[in-house]
Amino acid sequence: WRPNCLHLPLTLTVRVKEKEERERERGMEMEEERIAMVLIRATELRSKIANCISKTTAIEGSNANIGNGVHENLPSMETGQVVNEEEADTLLNICDAFDSLESQLTSLQALLQQQQYERETVMGEIEYSRKV
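Heads up, this note's numbering is the position in the sequence shown plus 46, with the first residue counted as 1.
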């Protein structure tokens, strides 16, 4: 003899669905936490890269030959290396990519929050219609 799952009491079916919904919500919360962690890390990295760019341009500015009105990269007194504009451009591109990533992650967070709000609204409407 096998129990017929189609004839489960309504209260048991509701409990199973509620448990599934709670598990889904926990999964969404974990996903939101992971997105927030990635967003924080991306912001930190973008900030560090922006600082590197600032330092590079500050060194470049202090080494520029302004006497004849032409800015030339000269060897740095501190590092003994020529400031490389290509490196600064590359860092700037990476910084822009992190900025874009931050925007996308923020949009994803907003979308997940909107979906959760809509899900809760629908669940509330279903619960209300069940009572009526």
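Using N, Cα and C, we set each Cβ at its ideal position, and we do this for glycine too. None of the values given here were measured: they were computed from a predicted structure.
For the pair of segments examined, the region 92–106 was found not to touch the region 157–169: the number of CB pairs separated by less than 8 Å stays below three. Between Y163 and K63, the alpha-carbon positions lie close to 18 Å from each other. In terms of Cβ geometry, A88 and L147 form a close pair [threshold 8 Å].
In chain order, E148, L151, T152 and Q155 place their CB closer than 8 Å to the CB of L85, counting only its own chain and leaving out the 5 sequence neighbours on each side.
E132 and D142 have their C-alpha atoms roughly 15 Å apart.
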